[in-house]
Structure formats: C-alpha cells, structure tokens
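For the protein sequence lines, the chains are A and B, in the order given.
All letters in the first sequence, in the order written, are residues 31 to 393 by our numbering.
All letters in the second sequence, in the order written, are residues 31 to 393 by our numbering.
Notes follow once the structure below has been shown.
Number of protein chains: 2
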Amino acid sequence: MKFTVEARDINSRAGVLQTNRGSIHTPAFMPVGTIGTVKAMSPDELKEIGAEIILSNTYHLYLRPGHEIIASLGGLHKFMNWERPVLTDSGGFQIFSLSALRKIEDDGVQFKSHLDGSMHFLGPKEAMEIQKALDSDIAMVLDDCTPYPSTHKYAMDSLFRTLQWAEQCKEFRNEGQALFGIVQGSLYEDLRKKSVEELVDIGFDGYAVGGLSVGEPKEEMHRLIRFTAPLLPADRPRYLMGIGDLGDALIAVDAGFDMFDCVMPTRNARNGTLFTSRGRVSIKREEFKADRGPLDPDCGCYTCRNFSRGYLRHLFMSREILSMRLNTIHNLYFYLNFFRNMRKSIIEGQFPEFRAKWEPIVS
Amino acid sequence: MKFTVEARDINSRAGVLQTNRGSIHTPAFMPVGTIGTVKAMSPDELKEIGAEIILSNTYHLYLRPGHEIIASLGGLHKFMNWERPVLTDSGGFQIFSLSALRKIEDDGVQFKSHLDGSMHFLGPKEAMEIQKALDSDIAMVLDDCTPYPSTHKYAMDSLFRTLQWAEQCKEFRNEGQALFGIVQGSLYEDLRKKSVEELVDIGFDGYAVGGLSVGEPKEEMHRLIRFTAPLLPADRPRYLMGIGDLGDALIAVDAGFDMFDCVMPTRNARNGTLFTSRGRVSIKREEFKADRGPLDPDCGCYTCRNFSRGYLRHLFMSREILSMRLNTIHNLYFYLNFFRNMRKSIIEGQFPEFRAKWEPIVS
C-alpha cells in the first residue's frame, strides 16, 4: 500500500492511496457494507456511482455466515463480487455497541452474539485471523472503544489496553494486508497525544481516530478532531472512524483527515431522508405528491435522471423495495460526489470557499 | 393494436402483438407491477431481462397514489419510467380479494379500501376512466369474478352482470387504448360458452379468461382451459388471467393461450423459492452454506453470472434487500427465458418435445 499526498490547501489534503485492488482518491468516503452488502445496492451500482472502497464489519461477518465460510468461498471480494478495495474494522466497536454481554480482559473480550446468544471470544490474534480469512485490503487493529463519559483514569486504563492490543495485532499482521492503528483517549488531549505517540512507535500503514461521535457534545468532538489531526504522521492516511455527517467531515478535512465512513447516507435513505444541494429533504412530505421535478435538479444520479419527486414519495409511502434502492443510490451518489468536489477544491486551492459554500447547506 | 399469429404447432401459437409502445412476442409472460413498480426491480433491469410488457393493478393505483395524481405526473409510463407496453386490470379482482366490505350492485360495486377503510364505488364507467388516466396500452373490462364454488344459478347471474358491464366498458372505451373482454362462467361449460359468444358479439381487441385458479381443483382448471381456448376468436390474443405456474402455462399454451401474468416468480423470489432448470430450489437450505456454484449453471442472468449459492443463501438468511433483488432478477429471467424458448419451439414445430421435456421439471 502506498499513500501520496498530491495537494494541500492549508491543512486539508488531496491524496491517493494505492492498493493491489485499485486506487482510492482522498478525501474518501467509504460506504458501509455491514453484512457483506451495502444495503439495497448491487456491486455494479456501487461502481457506477464511483465508490472506490467499501467498509465491511468483521463482527457481523464473523457471526454470519462466519469468516471460514467466506474464506472457503474465495474471500470477501469474491463472495460479494466486489473487486475493488475493502477495509474491515476489527469487530471491537460492534461488540461494544451490539452484544448483550461482554467481559473485557487483558487478552481480549468475551461476548454474547446478538443473533443467537452464543458466547465468543475476540482478542488481537483472533481479530487478525478473521480479517485474514476475509482477505480485506486494509485491516484495523482491535481496540477498546472508550465509552462517553469516562473518567481520566478509566480512559487511560482503556487506552493502555488498546495500545497493548495494537502491538499484538501488529505482531500477527497479515502478509499483503495494510494495518491501521486506532487512536483512543476519550476527550482527554494528553491521552490522545500519548495514544498517537505510542502507535507511531509501533508503526502502522495508516492511523485512525476512534472513540468519537459516541455521545459527546459536537463542540467536544470538533475540538478533538482539530487537536488530533496534526499529531498524526503526515505521510500516512488519516481515517476518522464512523463520522459521516457532512458538516463534521468539512471540519475534519479542514483539519487534515483523509478517510471517512458512516451508515448515515444509506440508513437515512431507507428512512426517506435525502441529501440534496438545497439541504435535507424528507421525501414523504405531502407537498411532493404531484411534484414532477427531480429530487435534486443539480444531481446526475440514476434516481434524479429518471424519476420524479411524486414517484419517489409514492414508492416510500407504499414501502416498496425500489424506494430504498433509489433513495440509497441518490444519497451515496450525493456523498461521493461531495467528496470528489471537495478533493477538487483542495487541488485548486479553493477548499475554504468550498467549505464556506457547503457548511450552511449540510450542517 | 395489431395481432398476428406467425406460427402454429397443433393448437399452440407464436404471435406478435403490436402496440404504439412496442411489440410483444407471444406466448408472453407479463411481470406484475402491483403498485407502480415490479417489486424489487428497476425498469432498466426489466428491460435487460427482456420484459416486453408489464401488468399494473388499477385497484392499488386508484387507492394510492390515485389515478389523478398519476395522470398529472404524465401517466403510468412516465410515472414509472417504463416506456414499453402496460396492461392494466380493471380493479375488479382486487376488490373481491382484498377489500373488507363490498356490495355488488347492477351498476357497479361499492367497496371499502383495505388501506384506510374509506368507501369507494367502481362501475364500468369509473373503471374505464381510471384506466384512461393511467394511460395503459391494454385495458380490461370490469368483471364480476365468480367465486369458487358457485351454483349454476349464482354463476349465471354473476356472468350476466359481467356481460352487462363489458358492454358498458366498450361504450366508454378510450381512444388509442386496446380493450379486452373477460370470459367468466365458473366451472360450467355452458356458461363459459355463452360468455364467449356474447363477448364476441360485443367485440373486443382481445379475450381474457378469468375466474380460474380461485380454489378449484387443478384438473377442473385444466378442463376449463382446454374447453375455453378453442372457443375464442383465433385472430385475437387470448389471455389467461392470473395463472403463472409454468406447468399450467404449458397446458394453456398447448390449448392455444397467448398471454399470462402471475405474481409467482416475484413473490416466490422474495420468499427464497427459486426456479431453475433442475426444478425449484429453496435457497435457505443448509447445504448451500459454502456452495461456490451458481444457482442455476444453465442460466445467463445477472445473479447466476455473478454470485454463488453460498452468497445468495447468506443474503437470504440476513434478510438483506439485495437478496430480494437478486432472487427476483433470477426468477423473472427464468420465466421470460422459458417463454422465449417455448415460443421458439412452436415456431420450430417442436412444442410437444418442449412440453415433454419441461413438464416434469416445472410441475
């Protein structure tokens, strides 16, 4: 894996991340393919809207269908029929957010499946084994995602566990697979700084920031984004995990982050909330009933080129599958296009103007 | 609308139905687009698998979003972004099968919406007005779908009502829209014969047979199919309504029917039952867990070309939207391909061989 920063505009960066399965132009948004599919989308449609990489969830795939099944079917790319890059998380975050019971120990975490209640154990070794079986292009270290709020003492203990696991993940790293470290430390700047220093000592292909957008006030999140970005090595990709509100992304790109993922565009699509160049739109609104116009006149996606607001409202009210499809295509296209234009503005030295234009619309 | 029979093999016919929006090669299967979308499919995908015509349900569209809304959005074709032919039913069948309360009167039927309990009235005039607003290519007369079982007396009274409505529908027929009559008469051959004679006297662009597959034994259904087909005018398309089991279709094509519709391929797809060249397959079966092979090695559809049985099983077990999409694409492709091959066999004088080969697989 090779990362090149091609242009800078103050702190924001336009880069290229080269992998064996293709290049990713940064700042990049990664659609989330939770259980081996980006919900409602076919791989062909993902390519058509220009997705260069997707994220898949190790926790979900480990439980169903199981990483060994996926390995026997030729790995995640063959399984999904998606030949472009895939980043897999380590499974840690879902264990903390989904599993009913969990017990954190020094060598890993015991947890109960949210599907059938069965007991499982995930440690650094297991996290790397599973990600090897999935054969993703970028693997993430297992981390202990510190909850909000946490005392300084708790956050520090949790951070030391994360760092210990990170070291072990590095030890078990897989041939031909990039490995990213994850910065923790809750809202404490000293811990975030310590976290970065220790991770850089271990040495990773990229650095992610986790433990944000877990319930803290937005200003706190923005403070930590601005504090942490400049600490991260400039020659490696910087990935802000799980944050995908476009207003937050503008702040994070401004601070120097390169990679993003979030279920927001796909989940909102299924709930009928659509992102447009004039702000968010709830497609179920009565006023759209006989509206012949496209959802977003400035959008070039399949949905906006072919269907009226009236039809989209009808499909949503009738709970049709095509509603989820057309809405998801639009929201993901809008996101990917937003990131492409953001990248262009950085290259052209126009990022502050881009941000000033879009911040009031997307925030 | 023009109908030409191009080839015959004993009683089976290969024809072409020409409309202003394109030709339909018969025997033809019409996918069902209940509420303004063939469930889980985009119009582009329907074209890709070779659908030449779809059926839409007047009852559903009248209630939601309303035929006037659709008219104001440019008609059903524009609404759905489907430029090929559409056949609309009259709404009668759904009133009988879905609405909670109904009162049949000589001039039409009063019914209660299954959506919100509101009261509505549908007579021959209203049925034609709604179908005009939808701007379908082929409209159906309003008929009284005789339930099974019915006494001869009841079936006869019901038939007379159907014939009276048919006459009125003809009177109110819409410019540029073909109109098909519907044969009723329950399981009584004298009534079916009478029904055909009276309808032919009125004169329609095509003739449909209704009131079958409503609970009667299969042998009875087959008897009526064989009895009725030869009574119908040879120079007009013959449409067997709502029947789409492929075994039944073989019998009906053998008897001389040309057009078919059924929710079976789409509904079964969503429930994980898939049609293949080796018979029906339930995709959830444990044995498919790590199966690398395509669903049907003889199938050329998008699903079979790109995904394994193992992946299709996983999507189904995870209740993913992509499962319904890929399964529907496959089932509809299988159906349309089956009908294309059946047509070819008629042209080549090989229909008996085609039927002998497929009957044991699809029945």
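Where is the CB? At the ideal position from N, CA and C, for every residue including glycine.
{"Query": "Classification of B/I376 by the beta-carbon crowding that lies within 10 angstroms, buried from 16 upward", "Result": "buried"}
{"Query": "Which residues DSSP lists as bridging B/Q140, in chain order", "Result": "B/K133 and B/F151"}
{"Query": "Member of A/L91, A/E227, A/A238 and A/E389 whose CA lies at the smallest distance from the CA of A/R310", "Result": "A/E389"}
{"Query": "Sequence-distant residues of its chain with Cβ nearer than 7 Å to B/L261 (five each side left out)", "Result": "K223 and V226"}
{"Query": "B/H150 beta carbon less than 8 Å from that of B/Q124", "Result": "no"}
{"Query": "Contact between the segment 133-150 of chain A and the segment 56-67 of chain A (3+ Cβ pairs under 8 Å)", "Result": "no"}
{"Query": "Chain B contact residues for A/K69, given Cβ-Cβ distances below 8 Å", "Result": "E350, I351 and L352"}
{"Query": "As assigned by DSSP and simplified to three states, the class of B/E36", "Result": "strand"}
{"Query": "Cβ pair count under 8 Å reaching 3, the segment 44-59 of chain B against the segment 321-341 of chain B", "Result": "no"}
{"Query": "Proximity of A/L366 and A/G45 at Cβ, strictly below 8 Å", "Result": "no"}
{"Query": "Limits of the unbroken beta strand (DSSP E) element including A/Q48", "Result": "S42 to T49"}
{"Query": "Selection from B/D265, B/F202, B/R191 and B/Y184 that minimises the alpha carbon distance to B/A169", "Result": "B/F202"}
{"Query": "Where B/A259 falls: helix, strand or coil (DSSP)", "Result": "helix"}
{"Query": "Chain A within 8 Å of B/F318, Cβ atoms only", "Result": "no"}
{"Query": "Cα-Cα separation between A/D39 and A/Q380, rounded to whole angstroms", "Result": "8 Å"}
{"Query": "Touching by the beta-carbon criterion (3+ pairs, under 8 Å), the segment 313-330 of chain A and the segment 93-107 of chain A", "Result": "no"}
{"Query": "Inter-residue Cα distance where the pair is A/L177 and A/P263", "Result": "Reading off the sequence shown, one finds Pro at residue 177 of chain A, where the question assumed Leu. The alpha-carbon atoms of A/P177 and A/P263 are separated by roughly 26 Å."}
{"Query": "DSSP state of A/S180 mapped onto helix, strand, coil", "Result": "coil"}
{"Query": "Close-in-space but distant-in-sequence residues of the same chain around B/E383 (CB under 8 Å, 5 per side omitted)", "Result": "S375"}
{"Query": "Extent of the continuous beta strand (DSSP E) run through B/S86", "Result": "I84 to S86"}
{"Query": "Amino acids of chain B, ordered along the chain, whose beta-carbon sits closer than 8 Å to that of A/F337", "Result": "N111"}
{"Query": "6 Å CB neighbourhood of B/K162 in its chain, flanking five on each side removed", "Result": "N204"}
{"Query": "Which of helix, strand or coil DSSP assigns to A/M31", "Result": "coil"}
{"Query": "Contact under 8 Å by Cβ, B/I351 with A/I84", "Result": "no"}
{"Query": "Residue range of the unbroken beta strand (DSSP E) whose run includes B/V311", "Result": "G309 to S312"}
{"Query": "Assigned exposure category for B/D74 - 16 Cβ within 10 Å defines buried", "Result": "exposed"}
{"Query": "Short CB-CB distance (under 8 Å) between A/I168 and chain E", "Result": "Of the chains in the structure shown, none is chain E; the protein chains are A and B."}
{"Query": "Enclosing alpha helix (DSSP H) for A/F290 [first to last residue]", "Result": "Per DSSP, A/F290 belongs to no alpha helix (DSSP H); it is in the beta strand (DSSP E), M289 to D291."}
{"Query": "8 Å Cβ cutoff met for B/P57 and B/F369", "Result": "yes"}
{"Query": "A/G240 to A/S166 span [Cα, whole Å]", "Result": "20 Å"}
{"Query": "C-beta neighbour in chain B for A/I313, strict 8 Å", "Result": "no"}
{"Query": "9 Å Cβ cut-off: residues of chain A touching B/L322", "Result": "According to the sequence displayed, residue 322 of chain B carries Arg and not Leu. Within 9 Å Cβ-Cβ: S102, L103, G104 and K108."}
{"Query": "Status (buried if at least 16 other CB within 10 Å, exposed otherwise) for A/L145", "Result": "exposed"}
{"Query": "Cβ-based neighbour list, A/Q198, same chain, cut-off 6 Å, excluding 5 preceding and 5 following", "Result": "P154"}
{"Query": "C-beta neighbour in chain A for B/M60, strict 8 Å", "Result": "no"}
{"Query": "Other residues of its chain near B/V401: CB distance less than 6 Å, five sequence neighbours each side excluded", "Result": "Nothing can be reported for residue 401 of chain B: it is not among the residues displayed for chain B, which extend from 31 to 393."}
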